[in-house]
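**Q** My questions all concern the structure below.
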Amino acid sequence: MGISWWQQFNDQALNKDISTALSTNPDLAAIALRIRQADASVSAARAATQPRLNLGFEYREGQKREANFGPYTLAPWKSSAGLSWELDLSGKLRAASASARENKAAAIWDFHAARLLLASRLASVRLNLYRFNRELSFFRESIKASNGSLKALTERSQAGLISDSVLEKKRAEHEQLVRGQLDLKRLRDLTIVQLRSLRGGSNPDNTMRSNFPSPKNLAAKPLDELLASHPKILAAEARVRSAFQIEQAARLDLLPSFKISALASGAQKTLTNRFSTWIAQIGPSISIPIYDPVRLASLKARKADAQLASTTYQSAVLKTLEEIDSARINLVSLRAQLATAQRESSSLAHSLSIAREQFEAGLTSQIELLETERRWLKIKRSETSLQQTLLSARLDLIKATGGGRW
Numbered sequence: 427m428g429i430s431w432w433q434q435f436n437d438q439a440l441n442k443d444i445s446t447a448l449s450t451n452p453d454l455a456a457i458a459l460r461i462r463q464a465d466a467s468v469s470a471a472r473a474a475t476q477p478r479l480n481l482g483f484e485y486r487e488g489q490k491r492e493a494n495f496g497p498y499t500l501a502p503w504k505s506s507a508g509l510s511w512e513l514d515l516s517g518k519l520r521a522a523s524a525s526a527r528e529n530k531a532a533a534i535w536d537f538h539a540a541r542l543l544l545a546s547r548l549a550s551v552r553l554n555l556y557r558f559n560r561e562l563s564f565f566r567e568s569i570k571a572s573n574g575s576l577k578a579l580t581e582r583s584q585a586g587l588i589s590d591s592v593l594e595k596k597r598a599e600h601e602q603l604v605r606g607q608l609d610l611k612r613l614r615d616l617t618i619v620q621l622r623s624l625r626g627g628s629n630p631d632n633t634m635r636s637n638f639p640s641p642k643n644l645a646a647k648p649l650d651e652l653l654a655s656h657p658k659i660l661a662a663e664a665r666v667r668s669a670f671q672i673e674q675a676a677r678l679d680l681l682p683s684f685k686i687s688a689l690a691s692g693a694q695k696t697l698t699n700r701f702s703t704w705i706a707q708i709g710p711s712i713s714i715p716i717y718d719p720v721r722l723a724s725l726k727a728r729k730a731d732a733q734l735a736s737t738t739y740q741s742a743v744l745k746t747l748e749e750i751d752s753a754r755i756n757l758v759s760l761r762a763q764l765a766t767a768q769r770e771s772s773s774l775a776h777s778l779s780i781a782r783e784q785f786e787a788g789l790t791s792q793i794e795l796l797e798t799e800r801r802w803l804k805i806k807r808s809e810t811s812l813q814q815t816l817l818s819a820r821l822d823l824i825k826a827t828g829g830g831r832w
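Using this note's numbering, the first residue of the sequence shown is number 427, and each one after it goes up by one.
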């Protein structure tokens, strides 16, 4: 994946999350095993170009009879040795080997893409955790202020200055805040469970943090450079090359094949006796396919696979370009929205402070104070949500560009 982009977030807990997950996540380990499978396929394709040697030993009882002669008792012990080597004059085996190597390259790039996806997923979940912790701090502040207002209203109700309906309305508002706080705690706990699962089962650190990280801005790379290093596109490109190589191998399989074979065998009455009979053969052979429907059907299937791989590659490029443009548009828009929300939050915070002072002095109604508190809490939650969404949009851009652009 090159440079560890997540380190630019300056978040030690996130760094530890990702480093732990990359070494212990079972899903990532399963994808890594596909590289070993692909490597075994490369070895199998390479082995097809090499000579094959075998030895055999046999024991059998039997007789042989010829016309007007015999029967003769056959020597029971038989030994044999054979050599077979297909000469790849057409290049069929080399094409199959090249296809296997490209398939291995695709598996490697799939692994890099999975690492990027896992790292970005971890970062997104941890940002959700920070968001919930921050919103909980707003709820605690609002509940604390609500308790003070409720206490003041209770004293006024006992003194007969306000009606019971006003007091009960405030209590209902207070319980609504408490219920919202409990729901946020539930969401935060579920987020911690997600983190633990992504980390491979180990408990995450620093789960009470509420401040969002401030990542550094890095210079953008040219689009052609991004596409040339994007793991998803590189994997699709390798699959295209693999498919065309295997199609070439299927086409070359329609040509004659050449093979050199050697065989030696002998029979003896006992293991200590000399061979009573023996035979030795060596020579080339040629196989000329005239009409083989199986090979023709295989070539047709390989052509379809190559066309599918090519179309999939084009789709991957277009989808990646769409993801990059969408993430960029979202990032620009969210920055402007966050700036507006921060200005609105600052104004409402000042308004809430004035409303509380006026309420304590008896200069404003409880309804007006409640409405101001509700608007302040709403905009603070909206501001926090925008901050989290902005960082998530940055993650989307990182993921869309294969980890190479901010």
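From the three backbone atoms N, C-alpha and C, an ideal C-beta is built for every residue, glycine too.
Nothing here was measured: the structure is a model prediction, and the numbers come from that model.
How would you label residue 806, buried or exposed, when you count the other beta carbons within 10 angstroms and need 16 or more for buried?
**A** Start at 1 with the first residue of the sequence shown, and residue 806 comes out as number 380. Result: buried.
**Q** Along the chain, where does the beta strand (DSSP E) that runs through residue 638 open and close?
**A** Position 212 of the sequence shown, counted from the start, is the residue given in the question as residue 638. Neither: residue 638 is in no beta strand (DSSP E) and is coded neither H nor E.
**Q** Whether or not the stretch 500 to 519 and the stretch 676 to 689 are in contact is what I'm after, with contact meaning three or more pairs of Cβ atoms, one per stretch, closer than 8 Å; do they touch?
**A** yes
**Q** Under 9 Å, do residue 673 and residue 729 count as touching if we go by C-beta distance?
**A** Along the sequence shown, read from residue 1 onward, the residue named residue 673 stands at position 247. Along the sequence shown, read from residue 1 onward, the residue named residue 729 stands at position 303. Yes, Cβ-Cβ distance for residue 673 and residue 729 is below 9 Å.
**Q** Assess, as a yes-or-no matter, whether the stretch 770 to 787 is touched by the stretch 816 to 825 under the definition of 3 or more beta carbon pairs within less than 8 Å.
**A** Result no; under three Cβ-Cβ pairs closer than 8 Å.
**Q** Would you list the one or two residues that DSSP bridges to residue 684?
**A** As a position in the sequence shown, residue 684 is number 258, starting the count at 1. Bridge partners of residue 684: 513 and 712.
**Q** What are the partner residues of residue 564, as DSSP defines its beta bridges?
**A** In the sequence shown, the residue the question calls residue 564 occupies position 138. DSSP, once it has assigned bridges, lists no residue as partnering residue 564.
**Q** Tell me, to the nearest whole angstrom, how far the beta carbon of residue 527 is from that of residue 468; I am working on the premise that it is less than 8 Å.
**A** Here residue 527 corresponds to residue number 101 of the sequence shown, with the count starting at 1. Here residue 468 corresponds to residue number 42 of the sequence shown, with the count starting at 1. Between residue 468 and residue 527 the Cβ distance is about 6 Å, and since that is below 8 Å, they are a contact.
**Q** Starting from residue 481, follow the beta strand (DSSP E) in both directions and report where the run begins and ends.
**A** One-based indexing of the sequence shown puts residue 481 at position 55. Residues 478 to 485.
**Q** Return the Cβ separation of residue 785 and residue 774 in integer angstroms, given the expectation that the two are a contact with Cβ distance under 8 Å.
**A** In the sequence shown, residue 785 corresponds to position 359, counting from 1. In the sequence shown, residue 774 corresponds to position 348, counting from 1. The C-beta separation of residue 785 from residue 774 comes to about 16 Å, leaving the pair out of contact by the 8 Å criterion.
**Q** In angstroms with no decimal places, state the Cα-to-Cα distance between residue 661 and residue 441.
**A** The residue labelled residue 661 in the question sits at position 235 within the sequence shown. The residue labelled residue 441 in the question sits at position 15 within the sequence shown. One C-alpha to the other measures close to 27 Å.
**Q** Since I believe residue 504 is in contact with residue 668 (beta carbons under 8 Å), could you give me their beta-carbon distance rounded to a whole number of angstroms?
**A** On the sequence shown, residue 668 is found 242 positions in, with the first residue counted as 1. On the sequence shown, residue 504 is found 78 positions in, with the first residue counted as 1. Not a contact, Cβ separation roughly 45 Å.
**Q** By DSSP, does residue 788 sit in helix, in strand, or in coil?
**A** The residue given as residue 788 occupies position 362 in the sequence shown. Reduced to three states, the DSSP call for residue 788 is coil.
**Q** Could you round the C-beta distance between residue 444 and residue 536 to whole angstroms and report it? I think they count as a contact, below 8 Å.
**A** Locating residue 444 in the sequence shown gives position 18, counting from the first residue. Locating residue 536 in the sequence shown gives position 110, counting from the first residue. That pair is no contact at about 19 Å.
**Q** Kindly provide the ranges of any alpha helix (DSSP H) runs that are 4 or more residues long and lie completely inside the stretch 643 to 681, ordered along the chain.
**A** Complete alpha helix (DSSP H) runs here, min 4: 649 to 655 and 657 to 678.
**Q** Ignore the nearest five residues each way along the sequence and tell me which others in residue 521's own chain have a CB closer than 8 Å to its CB.
**A** As a working note, residue 521 is residue 95 in the sequence shown. Close CB contacts of residue 521 within its chain, under the 8 Å cut and outside five residues either way in sequence, are with 671, 672, 674, 675 and 678 (chain order).
**Q** Quick check: the Cα distance between residue 650 and residue 731, rounded to an integer number of angstroms?
**A** Here residue 650 refers to the residue found at position 224 when the sequence shown is read from its first residue. Here residue 731 refers to the residue found at position 305 when the sequence shown is read from its first residue. Each residue's Cα considered, the two are about 27 Å apart.
**Q** Between the stretch 797 to 804 and the stretch 534 to 550, do at least 3 Cβ pairs fall closer than 8 Å?
**A** no
**Q** Would you identify the three-state DSSP class for residue 505, choosing helix, strand or coil?
**A** On the sequence shown, residue 505 is found 79 positions in, with the first residue counted as 1. The answer is strand: DSSP assigns residue 505 an E or B state.
**Q** When we look at the beta-carbon of residue 561 and count the other beta-carbons within 10 Å, is it buried (16 or more) or exposed?
**A** Reading the sequence shown from its first residue, position 135 is the one you call residue 561. When all chains shown are included, residue 561 counts as buried.
**Q** Does the count of Cβ pairs from the stretch 698 to 711 and the stretch 628 to 648 closer than 8 Å reach three?
**A** No, the stretch 698 to 711 is not in contact with the stretch 628 to 648.
**Q** Would you kindly work out how many angstroms separate the C-alpha atoms of residue 492 and residue 477, rounded to a whole number?
**A** Translated into positions along the sequence shown, residue 492 becomes position 66. Translated into positions along the sequence shown, residue 477 becomes position 51. Rounded to the nearest angstrom, the two C-alpha atoms are 38 Å apart.
**Q** Quick one: Cα of residue 699 to Cα of residue 472, how far?
**A** Taking the sequence shown and counting its residues from 1, one reaches residue 699 at position 273. Taking the sequence shown and counting its residues from 1, one reaches residue 472 at position 46. Cα to Cα, residue 699 sits roughly 41 Å from residue 472.
**Q** Would you check if the stretch 547 to 559 and the stretch 624 to 635 touch, i.e. whether three or more CB-CB distances between them fall below 8 Å?
**A** Enough Cβ pairs lie closer than 8 Å, so yes.
**Q** Taking 9 Å as the cut-off, decide whether the C-beta atoms of residue 815 and residue 750 are in contact.
**A** Residue mapping note: residue 815 aligns to position 389 of the sequence shown, counting from 1. Residue mapping note: residue 750 aligns to position 324 of the sequence shown, counting from 1. No; because the gap between Cβ atoms is not below 9 Å, this pair is not in contact.
**Q** May I ask you to report which of helix, strand or coil DSSP gives residue 832?
**A** Taking the sequence shown and counting its residues from 1, the one referred to as residue 832 is at position 406. For residue 832, the predicted model reports a pLDDT of 40, less than 50, meaning its position is unreliable and no value from the coordinates is stated.
**Q** Excluding sequence positions up to five away, which residues of its chain have a Cβ less than 6 Å from the Cβ of residue 824?
**A** Translated into positions along the sequence shown, residue 824 becomes position 398. Here the set comprises 431.
**Q** Whose C-beta lies closer than 7 Å to the C-beta of residue 564 among residues of the same chain, with five residues either side of it excluded?
**A** By one-based count along the sequence shown, residue 564 stands at place 138. Closer than 7 Å at the Cβ level, and outside the excluded window around residue 564, lie 803, 806 and 807.
**Q** Secondary structure at residue 585, three-state DSSP: helix, strand or coil?
**A** As a working note, residue 585 is residue 159 in the sequence shown. Looking at residue 585 - three-state DSSP - the assignment turns out to be coil, as it is neither helix nor strand.
**Q** Could you spell out where the alpha helix (DSSP H) holding residue 695 opens and where it closes?
**A** Taking the first residue of the sequence shown as position 1, residue 695 is located at position 269. Run containing residue 695: none; DSSP gives neither H nor E here.
**Q** What does the alpha-carbon distance come out to for the pair residue 550 and residue 754?
**A** The residue given as residue 550 occupies position 124 in the sequence shown. The residue given as residue 754 occupies position 328 in the sequence shown. C-alpha separation (whole angstroms): 17 Å.
**Q** Return the residue from the list 764, 501, 480 and 769 that minimises the CA-CA distance to residue 694.
**A** Translated into the one-based positions of the sequence shown, residue 694 becomes position 268. The residue with the shortest Cα to Cα distance from residue 694 is 501.
**Q** With residue 659 and residue 742 assumed to form a contact (beta carbons below 8 Å), what rounded beta-carbon distance in angstroms separates them?
**A** For the purposes of this step, residue 659 is taken as residue 233 along the sequence shown, with counting starting at 1. For the purposes of this step, residue 742 is taken as residue 316 along the sequence shown, with counting starting at 1. About 6 Å separates the two Cβ atoms, so the contact holds.
**Q** Would you mind stating whether residue 519 and residue 688 have Cβ atoms separated by less than 9 Å?
**A** For the purposes of this step, residue 519 is identified with residue 93 of the sequence shown, where counting begins at 1. For the purposes of this step, residue 688 is identified with residue 262 of the sequence shown, where counting begins at 1. Cβ distance not < 9 Å, so residue 519 and residue 688 don't count as in contact.
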